[in-house]
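S.K.:
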Amino acid sequence: MKTAIVVVDGLGGGLGAQIVSLLREKMGKEAEILALGTNSSATERMLKSGADRGATGENAIRVSIGFGEFILGPIGIAVPNSMLGEVSPAVAVAVTEARGERILIPVSQSHFHLVGMEGRPVGRLVEDAVNRVLERVGAGNPLAEYDAGR
Numbered sequence: 035m036k037t038a039i040v041v042v043d044g045l046g047g048g049l050g051a052q053i054v055s056l057l058r059e060k061m062g063k064e065a066e067i068l069a070l071g072t073n074s075s076a077t078e079r080m081l082k083s084g085a086d087r088g089a090t091g092e093n094a095i096r097v098s099i100g101f102g103e104f105i106l107g108p109i110g111i112a113v114p115n116s117m118l119g120e121v122s123p124a125v126a127v128a129v130t131e132a133r134g135e136r137i138l139i140p141v142s143q144s145h146f147h148l149v150g151m152e153g154r155p156v157g158r159l160v161e162d163a164v165n166r167v168l169e170r171v172g173a174g175n176p177l178a179e180y181d182a183g184r
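Right, here's the structure in full:
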């Protein structure tokens, strides 16, 4: 069975595209990658990087984010009004309340800063995020612990 992975990004979609590309390289067709963009440019870029399907906009994100066993993207997808306002409060809530395991990349923005991450190249952070998915997939069902706690 394929692992369902949702990648969320906005603005130009560059970080999401890097994530999708590395996931596809490492997991091949064992992953079903859904690209969710806050805008069509971000979605298109992630699709060109190897995502299987894509959807754009607030409602698409709110509805589709639940399909993922894993949710990857910049930390801004969980912060209301981040990414120059592209992440609405509804999108941030959908990300934080989704059932899948969130693996967020710490990228500072003009209105919030993440300390302790200075000097780490974004490419390395993307590798760390993808490796976390690979570790969790190798450990079995990432939602088993969640399901048992309900």
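In this note's numbering, the protein residues as written are 35 to 184.
Every residue, glycine too, gets a C-beta built ideally from N, C-alpha and C.
All values reported here derive from a predicted model rather than from experimental measurement.
#1: Could you tell me how far apart the beta carbons of E92 and A124 are, in whole angstroms, since I believe they sit closer than 8 Å?
#2: Ends of the beta strand (DSSP E) at I109?
#3: So, with DSSP's three-state summary, where would you put L138?
#4: What would DSSP say about L168, mapped onto helix, strand or coil?
#5: Once the 5 residues before and after L81 are set aside, which same chain residues still bring their CB inside 6 Å of it?
#6: Taking buried to mean at least 16 other C-beta atoms within 10 Å of its own C-beta, is L148 buried or exposed?
#7: For R136, collect the residues of the same chain with a Cβ closer than 6 Å to its Cβ; drop the 5 residues on either side in sequence, then sort them by chain order.
#8: Please name the residue in M61, E120, G107, V113 whose C-alpha comes closest to that of T37.
#9: Once DSSP output is grouped into helix, strand and coil, what is the label at E120?
#10: Whose C-alpha, out of S75, T72, A76, S55, is nearest the C-alpha of E66?
#11: Since I believe T90 is in contact with S74 (beta carbons under 8 Å), could you give me their beta-carbon distance rounded to a whole number of angstroms?
#12: On the criterion of 16 or more Cβ atoms from any shown chain inside 10 Å, does P155 qualify as buried, or is it exposed?
#13: Step through the CB atoms of chain B and report whether any lies within less than 8 Å of the CB of R166.
#14: Using the Cβ count rule (16 or more neighbours within 10 Å means buried), how would you classify A79?
M.R.: A quick look at the data gives this:
#1: In the sequence shown, counting from the first residue as 1, residue 92 sits at position 58. In the sequence shown, counting from the first residue as 1, residue 124 sits at position 90. Yes, they are in contact, since the Cβ atoms of E92 and A124 sit about 6 Å apart, within 8 Å.
#2: Translated into positions along the sequence shown, residue 109 becomes position 75. From DSSP, I109 is part of no beta strand (DSSP E); its letter is neither H nor E.
#3: Within the sequence shown, numbered from 1, the residue matching residue 138 stands at position 104. Looking at L138 - three-state DSSP - the assignment turns out to be strand.
#4: In the sequence shown, residue 168 corresponds to position 134, counting from 1. In the structure shown, L168 sits in a helix (DSSP, three-state: H, G or I).
#5: Within the sequence shown, residue 81 is the residue found at index 47, counting from 1. Excluding sequence neighbours, L81 sits near A69, G88.
#6: The residue you call residue 148 lines up with position 114 of the sequence shown. The residue is exposed, with fewer than 16 neighbouring Cβ atoms inside 10 Å.
#7: Counting from 1 along the sequence shown, the entry for residue 136 is found at position 102. The residues are I105.
#8: The residue you call residue 37 lines up with position 3 of the sequence shown. Of M61, E120, G107, V113, the residue nearest in Cα terms is M61.
#9: Here residue 120 refers to the residue found at position 86 of the sequence shown. Three-state DSSP puts E120 in coil, outside helix and strand.
#10: Here residue 66 is taken as the residue at index 32 of the sequence shown, counted from 1. Checking every option, the nearest Cα to that of E66 belongs to S55.
#11: The count along the sequence shown starts at 1 and reaches residue 74 at position 40. The count along the sequence shown starts at 1 and reaches residue 90 at position 56. That pair is a contact at about 5 Å.
#12: In the sequence shown, the residue the question calls residue 155 occupies position 121. Exposed, by the Cβ-count rule.
#13: This model lacks chain B altogether, as it is built from one protein chain only.
#14: Position 45 of the sequence shown, counted from the first residue, corresponds to residue 79. Inspection of the sequence shows that residue 79 is occupied by Arg rather than by Ala. When all chains shown are included, R79 counts as buried.
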